[in-house]
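Respectively, the protein sequence lines represent chains A and B.
Letter by letter, the first sequence follows residues 53 to 295 in my numbering.
Letter by letter, the second sequence follows residues 53 to 295 in my numbering.
Number of protein chains: 2
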Amino acid sequence: MKSRRRFWTVVDKLEALIEKGEYPVGSRLPAERELAEVYDVSRPTIREAIIALEVRGRVEVKTGSGVFVTDSEQSGRLLKNISAFELTQARALIEAEAAALAASTIKEDELHALKQTLEQMTVPETADEADHRFHEIIAKSTKNSAILVSIQNLWELRRSRPQIIAAYEDVCSQGIEQRIKEHTEIYDAIAARDSASARKAMHNHFNRLINALFDASEAKALEEVKRKTDETRGLYSISHLTQ
Amino acid sequence: MKSRRRFWTVVDKLEALIEKGEYPVGSRLPAERELAEVYDVSRPTIREAIIALEVRGRVEVKTGSGVFVTDSEQSGRLLKNISAFELTQARALIEAEAAALAASTIKEDELHALKQTLEQMTVPETADEADHRFHEIIAKSTKNSAILVSIQNLWELRRSRPQIIAAYEDVCSQGIEQRIKEHTEIYDAIAARDSASARKAMHNHFNRLINALFDASEAKALEEVKRKTDETRGLYSISHLTQ
DNA sequence: TCAAGAAATATACCTTACCAATTGAAGGGT
DNA sequence: ACCCTTCAATTGGTAAGGTATATTTCTTGA
Numbered sequence: 053m054k055s056r057r058r059f060w061t062v063v064d065k066l067e068a069l070i071e072k073g074e075y076p077v078g079s080r081l082p083a084e085r086e087l088a089e090v091y092d093v094s095r096p097t098i099r100e101a102i103i104a105l106e107v108r109g110r111v112e113v114k115t116g117s118g119v120f121v122t123d124s125e126q127s128g129r130l131l132k133n134i135s136a137f138e139l140t141q142a143r144a145l146i147e148a149e150a151a152a153l154a155a156s157t158i159k160e161d162e163l164h165a166l167k168q169t170l171e172q173m174t175v176p177e178t179a180d181e182a183d184h185r186f187h188e189i190i191a192k193s194t195k196n197s198a199i200l201v202s203i204q205n206l207w208e209l210r211r212s213r214p215q216i217i218a219a220y221e222d223v224c225s226q227g228i229e230q231r232i233k234e235h236t237e238i239y240d241a242i243a244a245r246d247s248a249s250a251r252k253a254m255h256n257h258f259n260r261l262i263n264a265l266f267d268a269s270e271a272k273a274l275e276e277v278k279r280k281t282d283e284t285r286g287l288y289s290i291s292h293l294t295q
Numbered sequence: 053m054k055s056r057r058r059f060w061t062v063v064d065k066l067e068a069l070i071e072k073g074e075y076p077v078g079s080r081l082p083a084e085r086e087l088a089e090v091y092d093v094s095r096p097t098i099r100e101a102i103i104a105l106e107v108r109g110r111v112e113v114k115t116g117s118g119v120f121v122t123d124s125e126q127s128g129r130l131l132k133n134i135s136a137f138e139l140t141q142a143r144a145l146i147e148a149e150a151a152a153l154a155a156s157t158i159k160e161d162e163l164h165a166l167k168q169t170l171e172q173m174t175v176p177e178t179a180d181e182a183d184h185r186f187h188e189i190i191a192k193s194t195k196n197s198a199i200l201v202s203i204q205n206l207w208e209l210r211r212s213r214p215q216i217i218a219a220y221e222d223v224c225s226q227g228i229e230q231r232i233k234e235h236t237e238i239y240d241a242i243a244a245r246d247s248a249s250a251r252k253a254m255h256n257h258f259n260r261l262i263n264a265l266f267d268a269s270e271a272k273a274l275e276e277v278k279r280k281t282d283e284t285r286g287l288y289s290i291s292h293l294t295q
């Protein structure tokens with residue numbers, strides 16, 4: 053039941069070579085016919101593999117000239133090294149602005165849906181999902197798809213990185229009333245169409261999260277690590293950005 | 053200088069049909085040979101197009117059975133409908149916060165590199181590239197990878213959507229001195245480690261861009277369209293968000 | 001009648017072989 | 001020194017046909 057299509061194996065091999073630095077950024081890959089011979093497949097199969105790499109953004113094909121390694125695999129590398137602190141800070145900045153914007157663009161039905169998530173947040177089973185929906189409704193209420201996808205991307209990041217999931221799990225379970233209180237403050241500000249307060253409330257929400265993350269990591273850390281953490285706490289704080 | 057490879061046009065057409073609902077989620081596409089006949093290309097070309105769609109996650113190929121439309125084209129659908137206004141507003145909000153953050157996290161060498169881009173901006177040939185680097189250096193200066201990738205994603209969006217490219221081209225060419233002045237104000241604020249001013253300067257920069265975009269679209273629009281544009285101008289304005 | 005197995009069919013998979021279009025460099029003429 | 005032509009290398013694209021796999025249809029036996 054193997055039977056992966058042949059070009060995928062070629063894609064994997066070429067991608068590995070690019071990763072390894074065998075084909076540096078900007079360099080040209082061997083000609084189609086050479087690759088066909090090396091990997092013992094036909095030329096169309098090589099073409100398919102190269103198209104897959106092209107769609108993935110790893111290479112660029114120049115007609116009559118050759119296939120060249122693209123620069124872009126940097127962002128993929130970046131994604132792997134994002135910490136929970138960075139993610140939270142980014143969400144704080146972006147979602148605070150989204151909340152401020154939403155305060156003036158949100159519609160009644162969205163406001164109603166937002167209030168409903170607050171109620172769902174009191175039930176432990178649906179709390180996490182409600183949290184997600186709460187932030188997503190605000191993002192959608194901005195009526196700006198670019199902001200929405202930015203926030204969705206960050207959420208996806210949180211969902212997909214194991215280390216970040218672990219970090220959040222420690223934090224979310226504790227302080228349920230606090231969590232609801234913060235979300236309620238955000239809701240109230242948006243419902244009152246108060247952009248500045250909405251921004252502040254969202255900042256406050258995430259600032260508490262960041263500090264909770266630090267506390268959690270502190271609890272786990274050894275003494276010498278603890279000292280380092282304190283030093284960098286200031287770097288990821290957002291409290292000084294509010295006014 | 054057209055000469056896009058043939059399979060891309062097939063990809064576009066198939067994607068459009070999927071988008072349109074001609075091929076609903078879960079349904080099977082016509083056979084290779086049929087598609088080859090319909091679009092008047094060879095079967096390998098059809099195969100290439102399908103592989104591109106597969107890598108993009110739009111379809112799934114089942115050997116011996118057919119190629120089926122995949123469910124998860126949601127976010128891809130969103131990306132297609134982002135207007136230049138939305139993109140600019142999103143950049144305004146996010147990059148303004150990035151600038152505010154960078155004002156307290158930027159290092160001397162980054163500040164130096166930032167100043168260099170200002171000089172390159174005076175040369176028309178390198179102005180656009182310098183613009184890009186200017187914003188990228190600020191993003192990197194935040195020392196937050198999540199913010200960096202968010203900003204990079206938005207830039208990639210600007211680079212890849214033809215309609216957005218067109219909209220920006222009309223605007224960027226005009227008012228070079230103004231553009232440099234705005235960037236200089238941003239630089240000065242960051243160099244002075246003044247977060248609030250940096251945010252304000254970045255807001256100002258993008259706010260001018262948004263209005264220029266509206267003016268450009270107004271110039272092209274007919275009378276009745278013009279009226280509508282005026283009505284929605286308030287929706288994408290960010291001036292009310294600054295303090 | 002119905003269910004299980006076998007054959008036929010439809011489909012994607014992969015290859016070989018060929019020609020066309022584009023690029024870039026080498027070479028020659030001014 | 002410069003420009004133009006030519007030519008080799010490369011990718012772009014096509015045609016035709018055999019292979020492997022999945023699905024459907026048909027046969028056959030209980």
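For every residue, glycine included, the Cβ atom is placed at its ideal position computed from N, Cα and C.
Legend entry - Coil, strand or helix - E74 of chain A by DSSP: Here residue 74 of chain A refers to the residue found at position 22 when the first sequence is read from its first residue. Reduced to three states, the DSSP call for E74 of chain A is coil.
Legend entry - Cutoff 8 Å: R110 of chain B Cβ touching any chain A Cβ: In the second sequence, residue 110 of chain B corresponds to position 58, counting from 1. Cβ-Cβ to chain A under 8 Å: no for R110 of chain B.
Inset, instruction - Quick one: give me the first and last residue of the beta strand (DSSP E) that K159 of chain B is part of. - result: Reading the second sequence from its first residue, position 107 is the one you call residue 159 of chain B. Unbroken run through K159 of chain B: none, as it is neither H nor E.
Legend entry - Short-range partners of chain B found in the region 75 to 97 of chain A, where Cβ spacing is below 7 Å: P96
Inset, instruction - Can you pull the chain A residues whose beta carbon is under 9 Å from the beta carbon of R99 of chain B, in chain order? - result: In the second sequence, residue 99 of chain B corresponds to position 47, counting from 1. Per Cβ cutoff of 9 Å: P96 and E100.
Legend entry - Any C-beta of chain B under 8 Å from that of L274 of chain A: The residue labelled residue 274 of chain A in the question sits at position 222 within the first sequence. Residue confidence for L274 of chain A is low, a pLDDT of 45 falling below 50, so the modelled location carries little weight and cannot support an answer.
Inset, instruction - Please go through the region 194 to 253 of chain B and give each complete alpha helix (DSSP H) segment of 4 or more residues, from N-terminal end onward. - result: 197 to 212, 214 to 224 and 228 to 243
Inset, instruction - Return yes when the Cβ of S202 of chain A is within less than 8 Å of the Cβ of N205 of chain B, no when it is not. - result: For this step, residue 205 of chain B is matched to residue 153 along the second sequence. For this step, residue 202 of chain A is matched to residue 150 along the first sequence. Yes, the Cβ-Cβ distance between N205 of chain B and S202 of chain A is below 8 Å.
Legend entry - Residue(s) in a DSSP beta bridge with F120 of chain A: As a position in the first sequence, residue 120 of chain A is number 68, starting the count at 1. Paired residues: A:R80 and A:E112.
Legend entry - Spatial distance of A43 of chain B from A241 of chain B (CA atoms): As shown, chain B starts at 53 and ends at 295. That puts residue 43 of chain B outside it, with no answer to give.
Inset, instruction - Please check if any C-beta of chain B sits within less than 8 Å of the C-beta of S197 of chain A. - result: As a first step, residue 197 of chain A must be located in the first sequence, where it is residue number 145. Cβ-Cβ to chain B under 8 Å: yes for S197 of chain A.
Legend entry - Contact with chain B by A218 of chain A, beta-carbon distance below 8 Å: Translated into positions along the first sequence, residue 218 of chain A becomes position 166. By this cut-off, A218 of chain A is not an interface position.
Legend entry - Residue from A:L163, A:T157, A:L66 and A:P76 whose Cα sits closest to the Cα of V90 of chain A: Locating residue 90 of chain A in the first sequence gives position 38, counting from the first residue. For the residues A:L163, A:T157, A:L66 and A:P76, the minimum Cα distance to V90 of chain A belongs to A:L66.
Legend entry - Rounded C-alpha distance that separates H257 of chain A from L69 of chain B: The residue given as residue 257 of chain A occupies position 205 in the first sequence. The residue given as residue 69 of chain B occupies position 17 in the second sequence. Going from the Cα of H257 of chain A to the Cα of L69 of chain B covers about 44 Å.
Legend entry - Boundaries of the alpha helix (DSSP H) in which P96 of chain B is found, first to last residue: Residue numbering aside, residue 96 of chain B sits at position 44 when the second sequence is read from its first letter. Segment R95 to V107, the alpha helix (DSSP H) holding P96 of chain B.
Inset, instruction - Note down, in chain order, all residues in the region 225 to 253 of chain A with a beta-carbon under 7 Å from any beta-carbon belonging to chain B. - result: S247
Legend entry - CB of E84 of chain B within 8 Å of CB of R95 of chain B, strictly: As a first step, residue 84 of chain B is located in the second sequence; it is residue number 32 there, counting from the start. As a first step, residue 95 of chain B is located in the second sequence; it is residue number 43 there, counting from the start. Going by C-beta atoms, E84 of chain B is nearer than 8 Å to R95 of chain B.
Inset, instruction - Look at the alpha carbon of Q172 of chain A and the alpha carbon of A179 of chain A, and state the distance between them as a whole number of angstroms. - result: Start at 1 with the first residue of the first sequence, and residue 172 of chain A comes out as number 120. Start at 1 with the first residue of the first sequence, and residue 179 of chain A comes out as number 127. Rounded to the nearest angstrom, the two C-alpha atoms are 6 Å apart.
Legend entry - Reference R210 of chain B; option with closest CA among B:M254, B:F137 and B:W60: Taking the second sequence and counting its residues from 1, one reaches residue 210 of chain B at position 158. If we check each option's Cα against that of R210 of chain B, B:F137 comes out closest.
Legend entry - Cβ contact check for the region 155 to 169 of chain B and the region 183 to 201 of chain B: 3 or more pairs under 8 Å: yes
Legend entry - Neighbour flag for I146 of chain B against chain A, beta carbons, 8 Å: Taking the first residue of the second sequence as 1, we reach residue 146 of chain B at position 94. Chain A, which has a Cβ nearer than 8 Å to the Cβ of I146 of chain B, makes this yes.
Inset, instruction - Give the DSSP-derived three-state secondary structure of D92 of chain A in the structure shown. - result: Looking up residue 92 of chain A in the first sequence gives position 40. Note: D92 of chain A maps to coil in three-state DSSP.
Inset, instruction - Check the Cβ of A142 of chain B against every Cβ in chain A and list those closer than 7 Å, keeping chain order. - result: Along the second sequence, read from residue 1 onward, the residue named residue 142 of chain B stands at position 90. Neighbours of A142 of chain B on chain A, chain order: N196, A198, I199 and S202.
Inset, instruction - Pull out every residue of the region 162 to 179 of chain B whose Cβ sits closer than 9 Å to any Cβ of chain A, in chain order. - result: none
Legend entry - Closer than 8 Å to chain B by CB, A104 of chain A: For the purposes of this step, residue 104 of chain A is taken as residue 52 along the first sequence, with counting starting at 1. For A104 of chain A, the answer is yes, since a Cβ of chain B falls inside 8 Å of its Cβ.
Legend entry - Whole-number beta carbon distance between A101 of chain A and N259 of chain A, since they are thought to touch under 8 Å: On the first sequence, position 207 is the one that residue 259 of chain A refers to. On the first sequence, position 49 is the one that residue 101 of chain A refers to. Their Cβ separation, rounded to whole angstroms, is 48 Å, which puts N259 of chain A and A101 of chain A out of contact at 8 Å.
Legend entry - Outcome for S79 of chain A when other beta-carbon atoms lying within 10 angstroms are tallied against a minimum of 16: Mapped onto the first sequence, residue 79 of chain A falls at position 27. Looking at its Cβ environment, which holds fewer than 16 other Cβ atoms inside 10 Å, S79 of chain A is exposed.
Inset, instruction - Use the C-beta contact count for I217 of chain A: other C-beta atoms within 10 angstroms, 16 or more gives buried, fewer gives exposed. - result: Here the question's residue 217 of chain A lines up with position 165 in the first sequence. It counts as exposed.
Inset, instruction - May I have the straight-line CA-CA distance separating D123 of chain A from I98 of chain A, to the nearest angstrom? - result: Here residue 123 of chain A refers to the residue found at position 71 when the first sequence is read from its first residue. Here residue 98 of chain A refers to the residue found at position 46 when the first sequence is read from its first residue. Spanning the two alpha carbons is a distance of roughly 21 Å.
Legend entry - 8 Å Cβ shell around E147 of chain B - same chain, five flanking residues per side excluded: In the second sequence, counting from the first residue as 1, residue 147 of chain B sits at position 95. Taken in chain order, the residues that qualify are H187, I190, A191, I203, M254 and F258.
Inset, instruction - Quick one: residues in its chain with C-beta nearer than 8 Å to the C-beta of D92 of chain A, no 5 flanking neighbours on either side, listed in chain order? - result: Indexing the first sequence from 1 puts residue 92 of chain A at position 40. Counting only Cβ-Cβ distances below 8 Å, and skipping sequence neighbours, we find nothing.
Legend entry - Residue from B:S156, B:G116, B:P76 and B:L131 whose Cα sits closest to the Cα of S247 of chain B: The count along the second sequence starts at 1 and reaches residue 247 of chain B at position 195. Out of B:S156, B:G116, B:P76 and B:L131, B:S156 has the C-alpha closest to the C-alpha of S247 of chain B.
Inset, instruction - Say whether chain B places a C-beta atom closer than 8 Å to the C-beta of V107 of chain A. - result: As a first step, residue 107 of chain A must be located in the first sequence, where it is residue number 55. Chain B, which has a Cβ nearer than 8 Å to the Cβ of V107 of chain A, makes this yes.
Legend entry - Inter-residue Cα distance where the pair is A182 of chain A and L170 of chain A: In the first sequence, the residue the question calls residue 182 of chain A occupies position 130. In the first sequence, the residue the question calls residue 170 of chain A occupies position 118. Those two C-alpha atoms are separated by around 7 Å.
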